[in-house]
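The structure appears below as structure tokens.
Residue numbers (the UniProt record's numbering): 1 to 493.
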């Protein structure tokens, strides 16, 4: 859909008038904020959501015009620092990551200690100090940009929308709108004068900041890093930017055993770690990429297995029927058979699983179109789409197919175990497991037998005790008689 020529002329006249007068319309400064939940964050905390501003279409059109002029002025005046790779043409995350990794690799090749700090800036876009930003606009850019940017930031209001509910309107006293066109480049202007220390490498991508320094001596590396952090801490305090010491991390990249001494930011010691995630890449102490490869492999496998979870959940969550005459389900039979005949079930299950997986692996590696085969037997597209779009290797595809037929594998295992039990019972190698009623009868018989043996033993010991008592009494009587005779003889003498 295209605007008519007359509408384009009106908009051009309007935008030129706004730029000439340096006045941003008030109605275009009203933003509706929607909250986007951050993955992996607790949903009951406010900090777990990212506020995104929905702005009028005409406001964004005007911002795009201003963005072109601002970008040209910033390039001519060298406003954007060399270490900032975001919001710049021909600069992306991959270039910044390559720059950081090259610095680390050079240190590892020289057998040095690369002491680094990765700063976490709290609510970077939402806490931009308006007066400080306008001060830098006045210092760094031509004077004709100041009025329009000052009008753009002044008297902005917002309301929060969640489903069909909306809040009241509130004033925006700080920050640049997330979701706006000018927000990123204004943040770049605000952080353009980040202090740089000689011998220290700084890498920034939006609010992600990495500071690295290398030395043969770990103490010297941390000393140089601490000097840079002290300057940055003064700068942060001056421009009202808050960096979290708890979420920031210090990492020592080296092939040697030692670790660089800890450093401080704002008087608080930064936590140390042997690995971290920076711009989507998992970096470890020796830069081996082991953690990154494992993470990407797990993500790929999760994308394949996620649609298949419904099968395993439906199987594992089967509840036993309340009707005693109804036969138990497959999983109940499998579990009960494992309790009774685990020594038979385990070999059968391991053998059949190896055959299933080996067969799938051979088919996939031999070029058999397994996807078409599964489609022909009626497997839903919801389960097959991840397998079609996956770039995983033969092993991952074979494992996905192995998981897909879980109910069939369990059925084969139960059937094979039942056949093995019957054969082993017939030749007398194993005894059948008694039923519950038989176990009760056996228990009662055992109990009665133990009780009878106890009574017999009790009676036997009681009889022996009586006989022993009688013998003792007889011995006492005989002893008394002998003593009496001895006394009589003594008296006669």
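Glycine residues also receive a C-beta, built at the ideal position from the N, C-alpha and C atoms.
Which of the three DSSP states, helix, strand or coil, is assigned to residue 134?
Here the question's residue 134 lines up with position 134 in the chain shown. Residue state, collapsed to three classes: helix.
Which term fits residue 354, buried or exposed, when burial requires 16 or more other beta carbons within 10 angstroms of its beta carbon?
By one-based count along the chain shown, residue 354 stands at place 354. Its Cβ having fewer than 16 others within 10 Å, residue 354 is exposed.
Outcome for residue 57 when other beta-carbon atoms lying within 10 angstroms are tallied against a minimum of 16
By 1-based counting over the chain shown, the position of residue 57 is 57. Exposed: under 16 other Cβ atoms inside 10 Å.
What are the start and end residues of the alpha helix (DSSP H) that includes residue 288?
For the purposes of this step, residue 288 is taken as residue 288 along the chain shown, with counting starting at 1. Run containing residue 288: none; DSSP gives neither H nor E here.
Rounded to the nearest angstrom, what separates residue 282 and residue 96 at their Cα positions?
Here the question's residue 282 lines up with position 282 in the chain shown. Here the question's residue 96 lines up with position 96 in the chain shown. Approximately 14 angstroms, taken between the alpha carbons.
How about residue 260 and residue 48: do their beta carbons lie closer than 7 angstroms?
Against the chain shown, residue 260 aligns to sequence position 260. Against the chain shown, residue 48 aligns to sequence position 48. Not a contact, by the Cβ cut-off of 7 angstroms.
Residue 208 lies in the beta strand (DSSP E); which residues open and close that run?
Locating residue 208 in the chain shown gives position 208, counting from the first residue. Looking at the DSSP string, the run of the beta strand (DSSP E) that includes residue 208 is 208-215.
In angstroms, rounded to a whole number, what distance separates the CA positions of residue 237 and residue 104?
Reading the chain shown from its first residue, position 237 is the one you call residue 237. Reading the chain shown from its first residue, position 104 is the one you call residue 104. Their Cα atoms are separated by approximately 29 angstroms.
Three-state class that DSSP yields for residue 431 in the structure shown
In the chain shown, the residue the question calls residue 431 occupies position 431. Reduced to three states, the DSSP call for residue 431 is coil.
Give the secondary structure of residue 90 by DSSP, where H, G and I count as helix, E and B as strand, and everything else as coil.
As a position in the chain shown, residue 90 is number 90, starting the count at 1. Coil.
Excluding five sequence neighbours on each side, which residues of the same chain lie with their C-beta closer than 6 angstroms to the C-beta of residue 275?
In the chain shown, counting from the first residue as 1, residue 275 sits at position 275. Excluding positions up to five away in sequence, the list reads 284 and 291.
Between the beta-carbon of residue 181 and the beta-carbon of residue 63, is there less than 7 angstroms?
Position 181 of the chain shown, counted from the first residue, corresponds to residue 181. Position 63 of the chain shown, counted from the first residue, corresponds to residue 63. The answer is yes: Cβ separation under 7 angstroms.
Is it buried or exposed for residue 142, if we count other Cβ within 10 angstroms and need 16 for buried?
On the chain shown, position 142 is the one that residue 142 refers to. By the 10 Å Cβ count, residue 142 comes out exposed.
Does residue 495 come out as helix, strand or coil in the three-state DSSP assignment?
Outside the displayed range of the chain (1 to 493) lies residue 495, so it cannot be described from this structure.
Let me know the secondary structure DSSP gives residue 141 once reduced to three states.
Looking up residue 141 in the chain shown gives position 141. Here residue 141 sits in coil by DSSP.
For residue 112, is the classification buried or exposed, using 16 other Cβ atoms within 10 angstroms of its Cβ as the cut-off for buried?
As a position in the chain shown, residue 112 is number 112, starting the count at 1. Counting Cβ neighbours within 10 Å, residue 112 comes out buried, since at least 16 surround it.
Over the uninterrupted beta strand (DSSP E) stretch that includes residue 51, give me the two end residues.
Taking the chain shown and counting its residues from 1, one reaches residue 51 at position 51. Note, residue 51: beta strand (DSSP E), 49-54.
Keeping to the same chain, check which residues put their C-beta closer than 6 angstroms to that of residue 410; ignore five residues upstream and five downstream.
The sequence position of residue 410 within the chain shown is 410, counting from 1. Counting only Cβ-Cβ distances below 6 angstroms, and skipping sequence neighbours, we find 330 and 334.
Alpha carbon to alpha carbon, how far is residue 230 from residue 266? Give it in angstroms, no decimals.
Here the question's residue 266 lines up with position 266 in the chain shown. Here the question's residue 230 lines up with position 230 in the chain shown. The straight-line gap from Cα to Cα measures roughly 8 angstroms.
Between the alpha carbons of residue 322 and residue 351, how many angstroms are there, rounded?
For the purposes of this step, residue 322 is taken as the residue at position 322 of the chain shown. For the purposes of this step, residue 351 is taken as the residue at position 351 of the chain shown. Residue placement at residue 322 is poorly supported in this model, since its pLDDT is 44, which falls under 50; the coordinates are not used for a value here.
On the criterion of 16 or more Cβ atoms from any shown chain inside 10 Å, does residue 250 qualify as buried, or is it exposed?
Numbered from 1 along the chain shown, position 250 holds the residue referred to as residue 250. Buried.
Per-residue DSSP class, three states only, for residue 281:
Here residue 281 refers to the residue found at position 281 when the chain shown is read from its first residue. Note: residue 281 maps to strand in three-state DSSP.
Is it right to say residue 520 is buried, meaning 16 or more other beta carbons lie within 10 angstroms of its own, or is it exposed?
Since the first residue shown for the chain is 1 and the last is 493, residue 520 is missing from the structure and cannot be characterised.
For residue 473 and residue 480, the rounded distance between their alpha carbons:
Within the chain shown, numbered from 1, the residue matching residue 480 stands at position 480. Within the chain shown, numbered from 1, the residue matching residue 473 stands at position 473. So the alpha carbons of these two residues sit roughly 11 angstroms apart.
With the cut-off set at 7 angstroms, would you say residue 107 and residue 214 are in Cβ contact?
Numbered from 1 along the chain shown, position 107 holds the residue referred to as residue 107. Numbered from 1 along the chain shown, position 214 holds the residue referred to as residue 214. Against a cut-off of 7 angstroms, the Cβ pair of residue 214 and residue 107 comes out as a contact.
Could you check which residue in 135, 192, 41 and 30 has the C-alpha nearest to that of residue 81?
In the chain shown, the residue the question calls residue 81 occupies position 81. Among 135, 192, 41 and 30, the Cα nearest to that of residue 81 is on 192.
In the DSSP output, which residue or residues are listed as bridge partners for residue 162?
Walking along the chain shown from the start, residue 162 turns up at place 162. Partner(s): 165.
Secondary structure of residue 488, DSSP reduced to three states:
As a working note, residue 488 is residue 488 in the chain shown. Helix, per DSSP.
From the DSSP output, read off the bridge partner residues of residue 103.
One-based indexing of the chain shown puts residue 103 at position 103. DSSP, once it has assigned bridges, lists no residue as partnering residue 103.
Using the three-state DSSP reduction, which class does residue 31 fall into: helix, strand or coil?
Numbered from its first residue, the chain shown carries residue 31 at position 31. Of the three classes helix, strand and coil, the one that applies to residue 31 here is strand, per DSSP.
Alpha carbon to alpha carbon, how far is residue 422 from residue 348? Give it in angstroms, no decimals.
The count along the chain shown starts at 1 and reaches residue 348 at position 348. The count along the chain shown starts at 1 and reaches residue 422 at position 422. Cα to Cα, residue 348 sits roughly 14 angstroms from residue 422.
Taking only three categories from DSSP, how would you classify residue 24?
Here residue 24 corresponds to residue number 24 of the chain shown, with the count starting at 1. Reduced to three states, the DSSP call for residue 24 is coil.
Relative to the alpha-carbon of residue 14, which residue among 300, 37 and 65 has its alpha-carbon at the smallest distance?
Position 14 of the chain shown, counted from the start, is the residue given in the question as residue 14. Ranking 300, 37 and 65 by Cα distance to residue 14 puts 65 first.
Under 8 angstroms, with one C-beta from each stretch per pair, do the segment 194-206 and the segment 143-156 reach the 3-pair mark?
no
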